[in-house]
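> Take a look at the following structure, please.
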Amino acid sequence: MTIAIGLALALPLGMVEPAAAGQPARAEQGVVGLEAQRFGGTLYNEVRMGAAYGYRLGAVNIGGRLDMLQVSFRDLGSRRAVVGSLGGQADVVPEHLTFGVYLYNLNQAKLANYQDERVPTVLRAGLAYQAGKQVLLVVESEKDIEHDAGFKAGLEYLPAPAVAVRAGYASLSQQTTAGVGVKAGDFQFDYAAGWHSALGLSQFLSAGWQWERKP
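Each residue of the sequence shown is one higher than the one before, counting from 600 in my numbering.
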């Protein structure tokens with residue numbers, strides 16, 4: 600059995616409010632994950648509590664997730680909704696090319712009756728290509744049912760077994776990103792920064808710990 604614990608902090612445009620914590624556990628029967636996430640400040644904030652389960656069937660991984668989402672406005676109170684999501688991943692070319700798809704909010708959860716306000720329903724599909732042991736290329740298309748589709752691309756290069764250098768671009772936000780990851784024993788540390796020409800700099804930090812119990 601493998602247990603992993605992670606903590607992430609996002610600082611969009613210099614803010615220090617958002618934070619997330621997660622704990623996945625891998626066993627012979629699959630992977631169970633728990634996550635708590637908060638975004639925003641006193642005027643507006645979102646709190647998300649989620650539980651997920653994934654299982655591997657041959658060359659295919661499938662999983663589902665349930666989230667309890669709370670959205671709060673200082674002068675308007677809070678709204679809550681339960682959000683369900685499904686995802687899958689398949690090895691197109693084993694150890695080289697992987698295809699994945701993820702549908703967020705498949706139940707089209709409603710937040711308020713006013714103007715039929717609902718949580719966004721988003722479909723994501725992507726490809727990951729492992730070009731040798733040191734280079735990983737990823738591309739993703741994202742479509743909110745009420746907005747235009749977007750495109751993301753990323754590159755990861757391992758100059759050393761314990762060090763990863765990353766770069767990416769997202770078309771919808773027109774944001775360019777770069778980052779680095781370092782593995783030290785059972786610990787993993789990652790840092791990334793994103794730049795938007797109009798909004799400026801965003802930063803992201805994460806730390807993780809993984810423990811594996813041998814049978």
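Here a beta-carbon is modelled for each residue, glycine too, at the ideal position from N, C-alpha and C. Computed from a predicted model, the values in this text were never measured in an experiment.
1) With a 10 Å radius around its C-beta and 16 neighbouring C-beta atoms as the bar for buried, classify K751 as buried or exposed.
2) Quick check: the Cα distance between Q802 and A791, rounded to an integer number of angstroms?
3) To the nearest angstrom, report how far apart Y701 and F786 are at their CA atoms.
4) Would the beta-carbon of A730 fall within 8 Å of that of S740?
5) Nearest CA to the CA of G686: which residue from L705, S677 and S805?
6) Closer than 7 Å by C-beta to R717: which residues in its own chain qualify, once you throw out the five before and the five after it? Chain order, please.
7) Helix, strand or coil: how does DSSP classify D715 here?
8) Is the beta carbon of R765 less than 8 Å from the beta carbon of G753?
9) If I'm right that V670 touches R678 with Cβ under 8 Å, what's the distance once you round it to whole angstroms?
10) CA-CA distance, T601 and Q714?
11) State the DSSP-derived secondary structure class of G613, mapped to helix, strand or coil.
12) Can you tell me which of the three DSSP states R673 falls into?
Inspection of the coordinates gives the following:
1) The residue given as residue 751 occupies position 152 in the sequence shown. The residue is buried, with at least 16 neighbouring Cβ atoms inside 10 Å.
2) For this step, residue 802 is matched to residue 203 along the sequence shown. For this step, residue 791 is matched to residue 192 along the sequence shown. Between Q802 and A791, the C-alpha separation is close to 6 Å.
3) Numbered from 1 along the sequence shown, position 102 holds the residue referred to as residue 701. Numbered from 1 along the sequence shown, position 187 holds the residue referred to as residue 786. Each residue's Cα considered, the two are about 28 Å apart.
4) Start at 1 with the first residue of the sequence shown, and residue 730 comes out as number 131. Start at 1 with the first residue of the sequence shown, and residue 740 comes out as number 141. No, the pair does not count as a contact, with Cβ atoms beyond the cut-off.
5) Looking up residue 686 in the sequence shown gives position 87. Among L705, S677 and S805, the Cα nearest to that of G686 is on L705.
6) The residue given as residue 717 occupies position 118 in the sequence shown. Once the five neighbours on either side are set aside, the close Cβ partners of R717 are Q707, A708, K709 and L710.
7) Against the sequence shown, residue 715 aligns to sequence position 116. Helix, per DSSP.
8) Translated into positions along the sequence shown, residue 765 becomes position 166. Translated into positions along the sequence shown, residue 753 becomes position 154. Yes, these two residues count as a Cβ contact at 8 Å.
9) Here residue 670 corresponds to residue number 71 of the sequence shown, with the count starting at 1. Here residue 678 corresponds to residue number 79 of the sequence shown, with the count starting at 1. Their Cβ separation, rounded to whole angstroms, is 5 Å, which keeps V670 and R678 in contact under 8 Å.
10) Taking the first residue of the sequence shown as 1, we reach residue 601 at position 2. Taking the first residue of the sequence shown as 1, we reach residue 714 at position 115. The straight-line gap from Cα to Cα measures roughly 45 Å.
11) Along the sequence shown, read from residue 1 onward, the residue named residue 613 stands at position 14. The pLDDT assigned to G613 is 49, lower than 50, so where the model puts this residue is not dependable; a value taken from the coordinates is nonetheless given after this. Looking at G613 - three-state DSSP - the assignment turns out to be helix.
12) Counted from its first residue, the sequence shown places residue 673 at position 74. Coil at R673, not helix or strand.
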